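Q:
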Amino acid sequence: MIGEHTVIAGCSSIAGSTTIGAHCIIGGAVNMGGHLTICSGAIFTGCAMVTNSVKAPGIYSSGTGLFPNKVWRRVVANLRRKLSV
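Okay, so the sequence shown: first residue is 0 according to numbering that gives the first Met the number 0, each after it adds one.
Following this line, the structure appears as structure tokens:
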């Protein structure tokens with residue numbers, strides 16, 4: 000289900016049973032996992048990967064520049080460590 004006045008840009012994918020509220024903006028190449036609930040007023044920048052439900056309106060991003068996989072895994076691990084402090 001997609002709420003009123005929600006905009007979805009090209010190359011985005013939304014897996015089954017995901018519910019999206021009203022007045023959302025979903026940028027290009029955003030991927031949403033299944034069985035999620037997205038609140039009204041959420042904005043996702045291009046290439047964001049949504050793996051959990053979003054309960055508060057705001058701007059969400061998750062894309063990174065291109066790295067070799069081994070480097071990317073270290074970057075993500077370091078970012079998570081810094082955010083948990």
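Where a beta carbon is used, it is the ideal one built from N, C-alpha and C, also for glycine.
Just so you know, these numbers come straight off a predicted model, no measurement behind them.
Please state if the CB of C46 and the CB of G57 are separated by a distance shorter than 8 Å.
A: No.
Q: Taking the Cβ atom as the reference point for each residue, do S16 and V29 lie within a distance shorter than 8 Å?
A: No, the pair does not count as a contact, with Cβ atoms beyond the cut-off.
Q: A76 lies in the alpha helix (DSSP H); which residues open and close that run?
A: Run containing A76: 68-82, per the alpha helix (DSSP H) assignment.
Q: My assumption, with CB atoms under 8 Å, is that T50 sits in contact with G64. Please give the rounded CB distance.
A: 20 Å between Cβ atoms; not a contact.
Q: Using only the alpha-carbon positions, how far apart do Y59 and T44 sit?
A: C-alpha separation (whole angstroms): 6 Å.
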